[in-house]
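Take 2 as the starting number for the sequence shown in my numbering and just add one per residue.
Before any comments, here is the structure.
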Amino acid sequence: MTRLLVFLLLLPALALADIPPPPPIAAKAWLLYDFNSAQAIVSANENERVEPASLTKLMTAYLAFSALRQKTLTLEQVVPVSERAWKAAGSRMFIEPGKPVKVDELLHGMITQSGNDACIALAEAVAGSEEVFAQLMNRQAQRLGMKHTSFANSSGLPDPKHYSTAHDLGLLAAALIRDFPEYYPLYSLREYRYNNITQPNRNRLLWLDPNVDGMKTGYTENAGFCLIASAKRGARRLLSVVLGANSDSARAQESQKLLNYGFQFYDSVKLYDKDQAVSTLEVLKGSENRLKAGFQSDFYVSVPRGLADQLKADLVSIQPLLAPISVGQKVGTVRLTLQGKPVGEYPVVALENVAIAGFFGRTWDGMRLWFK
Numbered sequence: 002m003t004r005l006l007v008f009l010l011l012l013p014a015l016a017l018a019d020i021p022p023p024p025p026i027a028a029k030a031w032l033l034y035d036f037n038s039a040q041a042i043v044s045a046n047e048n049e050r051v052e053p054a055s056l057t058k059l060m061t062a063y064l065a066f067s068a069l070r071q072k073t074l075t076l077e078q079v080v081p082v083s084e085r086a087w088k089a090a091g092s093r094m095f096i097e098p099g100k101p102v103k104v105d106e107l108l109h110g111m112i113t114q115s116g117n118d119a120c121i122a123l124a125e126a127v128a129g130s131e132e133v134f135a136q137l138m139n140r141q142a143q144r145l146g147m148k149h150t151s152f153a154n155s156s157g158l159p160d161p162k163h164y165s166t167a168h169d170l171g172l173l174a175a176a177l178i179r180d181f182p183e184y185y186p187l188y189s190l191r192e193y194r195y196n197n198i199t200q201p202n203r204n205r206l207l208w209l210d211p212n213v214d215g216m217k218t219g220y221t222e223n224a225g226f227c228l229i230a231s232a233k234r235g236a237r238r239l240l241s242v243v244l245g246a247n248s249d250s251a252r253a254q255e256s257q258k259l260l261n262y263g264f265q266f267y268d269s270v271k272l273y274d275k276d277q278a279v280s281t282l283e284v285l286k287g288s289e290n291r292l293k294a295g296f297q298s299d300f301y302v303s304v305p306r307g308l309a310d311q312l313k314a315d316l317v318s319i320q321p322l323l324a325p326i327s328v329g330q331k332v333g334t335v336r337l338t339l340q341g342k343p344v345g346e347y348p349v350v351a352l353e354n355v356a357i358a359g360f361f362g363r364t365w366d367g368m369r370l371w372f373k
């Protein structure tokens with residue numbers, strides 16, 4: 002997890018002559034994100050504040066999935082339908098007071114049918130009220146690094162205190178896929194029937210592109226037509242974030258253009274395996290004088306196709322490195338360059354524990370430090 006939450010890095014600054022520029026995208030803001038490398042390949046206005054509309058429901062789902070994992074909710078749990086949920090404005094799955102509805106049904110209604118009523122019912126089941134749930138949403142947003150996001154409700158209805166960015170929404174979508182793979186298949190369902198009403202998924206790409214398996218649409222008058230789409234070809238997954246398109250069909254077309262561009266002109270290259278030693282580093286005042294350093298998950302980087310062999314990695318270690326050291330503790334940084342231009346800096350962590358040395362070992366290394 003250490004690497005994945007560092008930041009989104011934009012690659013166009015490399016200005017490589019052999020790679021065509023991205024296609025023109027008719028949207029207010031957009032971003033193409035490589036899931037494996039946690040990098041944004043191309044973007045425009047990615048940090049501009051926007052109204053997230055129903056893309057908000059990705060965070061509502063994230064918290065609902067967290068509650069399921071923590072066993073404070075179960076899929077078969079029956080949730081009461083409040084008057085507030087029943088009278089929710091906007092898109093609905095048509096739940097009713099007095100009619101039992103399960104958490105599993107609410108999840109389908111929120112994800113496939115984009116039901117605002119389902120969102121409120123889930124929020125009340127998790128936190129007691131939608132207001133408290135919004136506080137949980139904002140706390141989780143900060144944990145995920147969504148620094149320019151504020152949530153005021155669970156559904157995405159307009160509110161001055163409800164906003165995000167393409168950058169932050171890309172982080173959220175990737176985190177949901179990464180942290181809850183067991184629930185991600187819900188986003189590929191093309192339709193869902195509840196209360197004798199069948200509603201289709203509004204993500205047109207589920208029908209148009211066999212590689213697309215999620216994620217979420219959104220629309221308000223101010224937000225325009227929005228879509229986060231996720232596609233997987235082989236072992237590689239890309240996510241497109243398109244905000245403020247002019248129509249339902251346009252958001253699908255612009256998303257398709259971004260995904261095709263990323264798959265055609267960029268590669269996701271694995272540089273190091275999980276727990277592979279990038280280097281062994283000297284340790285002072287420790288029971289061992291060296292430790293293995295690397296990454297706690299497979300380490301990928303996105304590069305223009307055909308240029309992987311021109312990547313250069315330099316390791317800069319923390320000096321002096323003093324025991325005790327625990328697994329996962331940052332001990333250095335890998336700096337990547339491509340054709341002499343910076344690609345990014347990534348934290349390298351200890352892959353093993355090093356306990357503190359005895360008195361004589363500490364004294365000897367103390368003398369060495371003094372002479373240095």
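Here a beta-carbon is modelled for each residue, glycine too, at the ideal position from N, C-alpha and C.
Because the structure is a prediction, the values reported are computed rather than measured.
Whole-angstrom distance between residue j and residue i, CA atom to CA atom
i	j	result
Pro13	Ile42	Only weak support is given to the placement of Pro13: the predicted model assigns it a pLDDT of 38, under 50, and the question is left unresolved by the model.
Pro325	Ser318	16 Å
Glu47	Ile357	46 Å
Leu33	Val270	17 Å
Leu272	Asn261	24 Å
Glu255	Ala30	11 Å
Ser248	Pro53	16 Å
Thr57	Glu283	47 Å
Tyr185	Glu346	30 Å
Gly341	Tyr301	19 Å
Asp160	Phe95	23 Å
Gly99	Asp118	14 Å
Gly219	Asn354	47 Å
Ala174	Ile229	8 Å
Ser189	Leu285	52 Å
Ala124	Thr61	7 Å
Pro305	Ser250	29 Å
Gly116	Arg234	30 Å
Asn204	Ser280	45 Å
Ala314	Arg237	22 Å
Leu316	Thr338	12 Å
Thr150	Gln136	12 Å
Gln297	Gly329	7 Å
Lys20	Ala28	Position check: residue 20 holds Ile in this sequence, whereas Lys was assumed. Cα to Cα, Ile20 sits roughly 22 Å from Ala28.
Pro23	Glu289	50 Å
Pro343	Ser303	13 Å
Tyr193	His168	30 Å
Ala156	Gly287	Note that residue 156 corresponds to Ser in the displayed sequence, not to Ala. When rounded, the distance between both Cα atoms is 53 Å.
Ala65	Gln143	17 Å
Lys103	Ser38	37 Å
Gln40	Leu308	16 Å
Phe152	Asn139	6 Å
Asp274	Ala90	48 Å
Beta bridge counterpart(s) of residue i as assigned by DSSP
i	result
Leu339	Leu312 and Lys342
Trp31	Ala45 and Val243
Glu192	Pro201
Tyr63	In the DSSP output, where bridge partners are listed per residue, Tyr63 has none listed.
Cys227	Gly219
Val79	Lys103
Asp268	Val304
Ile438	No information on residue 438 is available, as it lies outside the stretch 2 to 373 that the chain covers here.
Ser151	Tyr164
Ala294	Ser280 and Ala351
Thr113	Paired residue(s): none; Thr113 is not in a bridge.
Tyr273	Phe300
Beta-carbon proximity list for residue i, same chain, < 8 Å, skipping 5 on both sides
i	result
Glu97	Val82, Trp87 and Asn196
Ala278	Lys293, Ala294, Gly295 and Leu352
Leu59	Leu170, Leu173, Ala174, Leu177, Met216, Lys217 and Ile229
Val332	Leu282, Leu292, Ala294, Ser318, Ile319, Leu322, Ile326, Val349, Val350 and Ala351
Asp105	Leu76 and Glu77
Pro101	Val79
Gly245	Ala28, Lys29, Ala30, Val51, Ala224, Gly225, Phe226 and Cys227
Tyr63	Gln141, Leu173, Ala176, Leu177, Asp180 and Phe181
Expected contact under 8 Å - CB spacing of residue i and residue j to nearest Å
i	j	result
Thr166	Glu49	6 Å
Ile26	Val243	7 Å
Leu239	Phe36	7 Å
Gln141	Leu209	No, Gln141 and Leu209 are not in contact; Cβ-Cβ is about 32 Å, not under 8 Å.
Nonlocal neighbours in the same chain, by C-beta distance under 7 Å from residue i, ignoring five residues either side
i	result
Arg93	Gly116, Asn117 and Asp118
Cys120	Lys58, Thr61, Met111, Ser155 and Ser156
Sequence-distant residues of its chain with Cβ nearer than 6 Å to residue i (five each side left out)
i	result
Ala232	Asn212, Val213, Leu239 and Leu260
Any non-hydrogen atom of the ligand NAD within 8 Å of residue i CB
i	result
Glu353	Among the components of this structure there are no ligands whatsoever, and the ligand NAD is therefore not found.
Counting beta carbon pairs with one atom in the region 286-294 and one in the region 258-274, are three or more of them shorter than 8 Å? no
Please determine if the region 59-75 and the region 172-186 are in contact, where contact requires at least 3 C-beta pairs separated by less than 8 Å. yes
State whether the region 208-217 contacts the region 125-141, with contact taken as three or more CB pairs (one from each stretch) at a distance under 8 Å. no
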